[in-house]
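Undergrad: Handing you this structure, nothing more for now.
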Amino acid sequence: MNATLHIHRAGPAMSVQDLGRPGYMAQGIATGGAADRLALLEGAALLQSRSVLPAIEMAGMGGSFSVTAPCRFALTGAPMRATLDGEPLGWNESHLITPGQRLDIGRANAGVYGYLIFAAMLDVPAWLGSVATQAALGIGALLQAGDSLMMHADPDPMAATRRLKVEDRLSGGTLRMLPGPQTSLFAPETLSRALATEFQRDAAANRQGVRLHHDGAPFPADDAAALASDFICAGDVQMTGDGVPYVLMADCQTMGGYPRLGTVLPQDLPKLAQSSLGAKLQLSLITLDEADRLYMSEASQLNTLMAKADVKIRDPHQIRDLLSYQLISGVTNGDDLDRGGEA
Amino acid sequence: MSASKSLLHDTAPAEVLALGQTGILVRFGRHASDAATAACLAFNDDVRAAAFSGVTDVVPSLTSVLVQFDPTVTTRATLGAALQPLIDARPTNAQLPAAKRRWHIPVAFGGEHGPQLQDFAEHSGLTQAQIIADAQATDLRVLAIGFAPGQPYLGYLPDTWQVPRQRELTPQVPAGAIVTAVRQMVLFCNASTTGWRQIAQTGFRPFLRERSEAFVLQQGDALRLHQVSDSEYRALIAQNNDGLGGARLEVLT
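Same order as they appear, the protein sequences are chains P and D.
In terms of the numbering used here, the first sequence opens at residue 1 and continues consecutively.
In terms of the numbering used here, the second sequence opens at residue 344 and continues consecutively.
Structure representation (structure tokens):
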């Protein structure tokens with residue numbers, strides 16, 4: 001059974017994202033995908049899905065949604081004001097929406113990118129194995145009010161809803177960086193000065209990169225102006241010709257000529273993506289060996305999160321949910337209340 | 344121009360570097376040259392043919408080859424050791440293989456199509472007329488595809504074109520912008536930020552998502568620019584559903 005997601009109101013930068021399309025760098029295509037990849041893993045964990053589901057990424061501001069078949073959804077990433085028919089919804093939780101209900105998501109309370117992830121997988125056209133949008137390149141388009149997206153059916157709308165305790169990644173902090181192909185082009189004094197600098201997230205920030213602001217001298221590299229263009233990856237700390245650092249994000253270019261100070265570890269990038277305007281950020285350089293030891297596959301991260309996503313304890317006011325369950329199926333699982341206990 | 348001379352004779356040994364937790368970058372030179380690019384293309388083929396366990400992607404640039412791997416299958420040390428004999432076997436004086444086909448691209452220079460033509464003239468010491476003549480006289484090659492989907496790095500232009508990137512980024516050049524720096528040109532498929540100077544514009548779109556052949560350029564293709572007037576350019580743009588902008592493909596034998 002298929003269903004439809006109706007978008008009644010859309011924030012200015014809402015797009016469908018997944019984990020992107022790796023493996024096409026030879027055609028100049030960056031992997032792309034969610035700006036905060038961890039939020040997609042958290043969404044899959046909340047919905048107990050073994051694979052990451054396509055998400056609606058909402059930069060700064062959400063939208064208003066309804067569905068034509070009951071399904072669970074997860075809210076992850078930057079917490080936003082969210083209500084279901086006027087009832088406030090918890091963030092980093094999964095919930096159930098049924099036909100006729102209206103899900104309203106407003107501004108982010110903190111952080112930047114909020115995610116709405118449906119257990120009923122969005123059925124939007126994939127290109128090169130991914131539904132990730134890169135609107136600036138003509139790959140997909142931003143979502144708009146009036147759009148309707150096809151969905152598959154939720155495999156188990158009756159499944160218990162869950163919540164996940166997440167570590168704060170909305171208020172900046174330290175970004176661990178491993179050395180890259182151009183690190184040695186920076187004089188040792190320049191590098192140590194960059195590592196000692198307290199940066200702020202600048203207003204110049206989007207899915208391609210985040211500019212780091214500081215008031216001191218710039219960070220020039222030797223020989224930078226004539227350097228051959230070379231590969232770039234998300235997390236690279238690029239110094240433009242005037243020595244101002246940008247940390248490159250999901251939709252960065254695949255090659256570039258400006259030298260890179262190093263590469264921020266993938267597991268620290270959500271902290272960068274979600275840091276609010278003016279949040280303090282610092283770079284720390286770790287060795288290549290240490291960086292390699294810290295590698296965590298997204299599959300193993302998802303496994304860990306799956307085990308941490310606890311079934312929610314039911315509050316009496318959620319009894320209304322139970323009634324709606326019965327309207328859908330005519331029968332409840334019977335153990336809804338019991339399943340609420342601490343696992 | 345003494346700096347550019349030394350750039351052409353970049354004979355340092357290949358370097359094995361890290362690009363993130365999942366990448367080994369083998370660099371055949373810090374500065375672009377025919378020899379470095381030829382070494383990249385040959386090494387790229389060798390690594391692909393070797394099909395080492397755990398390798399997830401192999402991609403050549405102008406001066407380096409990126410070997411991406413899955414750390415749950417292999418390690419940086421294991422893969423690095425496997426790559427070393429292939430690196431050592433690379434000749435240092437490789438030549439680019441002959442092109443199999445050549446693109447002919449109509450291009451409008453200067454004015455609103457090349458707002459930085461004069462700026463580039465001042466930085467290179469060339470006149471606008473010399474720049475336009477050189478650009479058309481050079482049998483360009485697609486040295487690498489990157490930055491954005493299907494987007495070519497074209498080169499190499501004469502030594503007099505050895506002009507660095509700008510210190511500050513241009514916030515936006517339009518789709519079809521032809522920009523230059525460091526003896527190369529890039530042809531933008533979409534509006535973009537860039538540190539290179541825009542000297543011309545074309546209706547040719549090497550990447551168009553909706554076109555049956557989304558990517559039309561291949562690494563190694565030859566490419567010639569042909570000047571058209573502002574009105575000819577406008578006529579090409581007015582009927583440009585195929586995104587080819589009047590480009591013609593010549594098959595070489």
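Backbone N, C-alpha and C define an ideal beta-carbon position, used for all residues, glycine too.
Checking contacts by CB at 8 Å: is Thr31 of chain P closer than that to chain D?
TA: Output row for Thr31 of chain P: interface = no.
Undergrad: State yes or no: is the beta carbon of Arg391 of chain D nearer than 8 Å to at least one beta carbon in chain P?
TA: No, Arg391 of chain D does not count as interfacial toward chain P.
Undergrad: Can you give the beta carbon distance from Met239 of chain P to Pro259 of chain P, rounded, assuming they're within the 8 Å contact cut?
TA: Confirmed, Cβ separation roughly 6 Å.
Undergrad: Check for me: the alpha helix (DSSP H) holding Met306 of chain P runs from which residue to which?
TA: From DSSP, the alpha helix (DSSP H) with Met306 of chain P extends over Glu298 to Lys308.
Undergrad: Quick one: grab the DSSP three-state call for Gly278 of chain P.
TA: In this structure, Gly278 of chain P counts as coil in the three-state DSSP scheme.
Undergrad: Taking all protein chains shown into account, do 16 or more other C-beta atoms lie within 10 angstroms of the C-beta of Glu93 of chain P, making it buried, or fewer, making it exposed?
TA: Glu93 of chain P is buried by the Cβ-count criterion.
Undergrad: Quick check on DSSP: helix, strand or coil for Gly209 of chain P?
TA: Reduced to three states, the DSSP call for Gly209 of chain P is strand.
Undergrad: Just the Cα atoms here: how many angstroms apart are Ala379 of chain D and Gly498 of chain D?
TA: Going by the C-alpha atoms only, they are around 13 Å apart.
Undergrad: How is Gln17 of chain P classed by DSSP in three states: helix, strand or coil?
TA: Gln17 of chain P: strand per DSSP, three-state reduction.
Undergrad: In whole angstroms, give me the CA-to-CA distance for Asp434 of chain D and Arg107 of chain P.
TA: A small fix is needed here, since residue 434 of chain D is Pro in this sequence, not Asp. Rounded to whole angstroms, Pro434 of chain D to Arg107 of chain P spans 59 Å at the Cα level.
Undergrad: List the residues that DSSP assigns as beta-bridge partners of Tyr246 of chain P.
TA: Looking at the DSSP assignment, Tyr246 of chain P forms a beta bridge with P:Arg211 and P:Gln238.
Undergrad: Under 6 Å Cβ to Cβ from Thr418 of chain D, same chain only, skipping five residues before and after it: list those, please.
TA: None.
Undergrad: May I have the straight-line CA-CA distance separating Thr263 of chain P from Ala543 of chain D, to the nearest angstrom?
TA: Thr263 of chain P and Ala543 of chain D: Cα-Cα distance of roughly 34 Å.
Undergrad: Looking at the unbroken beta strand (DSSP E) that takes in Ala435 of chain D, where does it start and where does it end?
TA: Correcting the residue type first, residue 435 of chain D is Thr in the shown sequence and not Ala. Neither: Thr435 of chain D is in no beta strand (DSSP E) and is coded neither H nor E.
Undergrad: Identify each residue in the region 498-519 of chain D for which the Cβ-Cβ distance to at least one residue of chain P is less than 8 Å, and report them in chain order.
TA: Answer set for the region 498-519 of chain D: Gln505, Pro507, Arg508, Gln509, Arg510, Glu511 and Leu512.
Undergrad: What's the C-alpha gap between Pro403 of chain D and Asp230 of chain P?
TA: For Pro403 of chain D and Asp230 of chain P, the distance between alpha carbons rounds to 9 Å.
Undergrad: Is any beta-carbon of chain D found at less than 8 Å from that of Ala226 of chain P?
TA: For Ala226 of chain P, the answer is yes, since a Cβ of chain D falls inside 8 Å of its Cβ.
Undergrad: Would you kindly work out how many angstroms separate the C-alpha atoms of Leu96 of chain P and Gly62 of chain P, rounded to a whole number?
TA: Distance between the alpha carbons of Leu96 of chain P and Gly62 of chain P: 18 Å.
Undergrad: Within the region 421-482 of chain D, note down every full beta strand (DSSP E) run reaching 3 residues or more, in order along the chain.
TA: As far as the region 421-482 of chain D is concerned, its whole beta strand (DSSP E) runs of at least 3 residues are 444-452.
Undergrad: Under 8 Å Cβ-Cβ, which residues of chain D neighbour Met255 of chain P?
TA: Within chain D, the residues near Met255 of chain P are Ser404, Ala487, Gly489, Phe490 and Tyr496.
Undergrad: Taking all protein chains shown into account, decide if Asn387 of chain D is buried (16 or more other Cβ within 10 angstroms of its Cβ) or exposed.
TA: Buried is the call here.
Undergrad: Any beta-carbon of chain D closer than 8 Å to the one on Ala273 of chain P?
TA: No, Ala273 of chain P lies away from the interface with chain D (no Cβ there is under 8 Å from its Cβ).
Undergrad: Run down chain P in chain order and give the residues with a C-beta less than 8 Å from the C-beta of Ala375 of chain D.
TA: Simply Ala228 and Ser229.
Undergrad: With distances taken between CB atoms, is the gap from Arg162 of chain P to Leu46 of chain P smaller than 8 Å?
TA: Cβ atoms of Arg162 of chain P and Leu46 of chain P: closer than 8 Å.
Undergrad: Within 8 Å (strictly less), CB to CB, does Ile56 of chain P reach chain D?
TA: No - not a single Cβ of chain D is within 8 Å of the one on Ile56 of chain P.
Undergrad: Using a Cβ-Cβ cut-off of 8 Å, state whether Gln301 of chain P counts as contacting chain D.
TA: Chain D, which has no Cβ nearer than 8 Å to the Cβ of Gln301 of chain P, makes this no.
Undergrad: Smallest Cα separation from Glu87 of chain P: which of P:Ala159, P:Glu57, P:Ile105 and P:Ala187?
TA: The residue with the shortest Cα to Cα distance from Glu87 of chain P is P:Ile105.
Undergrad: Sort P:Ala273, P:Glu290, P:Leu185 and P:Ile56 by Cα distance to Gly140 of chain P and report the nearest one.
TA: Gly140 of chain P has its Cα closest to that of P:Ile56, out of P:Ala273, P:Glu290, P:Leu185 and P:Ile56.
Undergrad: Assuming Tyr246 of chain P contacts Arg207 of chain P under a Cβ cut-off of 8 Å, what Cβ separation, rounded to an integer in Å, is found between them?
TA: At roughly 13 Å, the Cβ-Cβ gap does not stay under 8 Å, so Tyr246 of chain P and Arg207 of chain P are not in contact.
Undergrad: If you measure between the beta carbons of His288 of chain P and Ala425 of chain D, is that distance less than 8 Å?
TA: According to the sequence as given, residue 288 of chain P is Leu; it is not His. No.
Undergrad: Between which two residues does the alpha helix (DSSP H) containing Tyr576 of chain D stretch?
TA: Segment Asp573 to Ala581, the alpha helix (DSSP H) holding Tyr576 of chain D.
Undergrad: Looking at Asp462 of chain D and Arg373 of chain D, is the spacing between their C-beta atoms short of 8 Å?
TA: No, the Cβ-Cβ distance between Arg373 of chain D and Asp462 of chain D is not below 8 Å.
Undergrad: Mind pulling the chain D residues with CB within less than 7 Å of Thr83 of chain P?
TA: Here the premise fails: no neighbours, minimum Cβ distance about 37 Å.
Undergrad: I'd like the span of the alpha helix (DSSP H) that includes Ser192 of chain P, first residue to last.
TA: Looking at the DSSP string, the run of the alpha helix (DSSP H) that includes Ser192 of chain P is Pro188 to Ala196.
Undergrad: Got a sec? Which residues, its chain only, sit under 8 Å from Asp377 of chain D by beta carbon, not counting five neighbours each side?
TA: Result list for Asp377 of chain D: Gln438, Leu439 and Tyr499, in chain order.
Undergrad: Report all residues from its chain with a CB closer than 6 Å to the CB of Val559 of chain D; omit the five preceding and five following residues, and keep chain order.
TA: Same-chain partners within the cutoff: Pro549.
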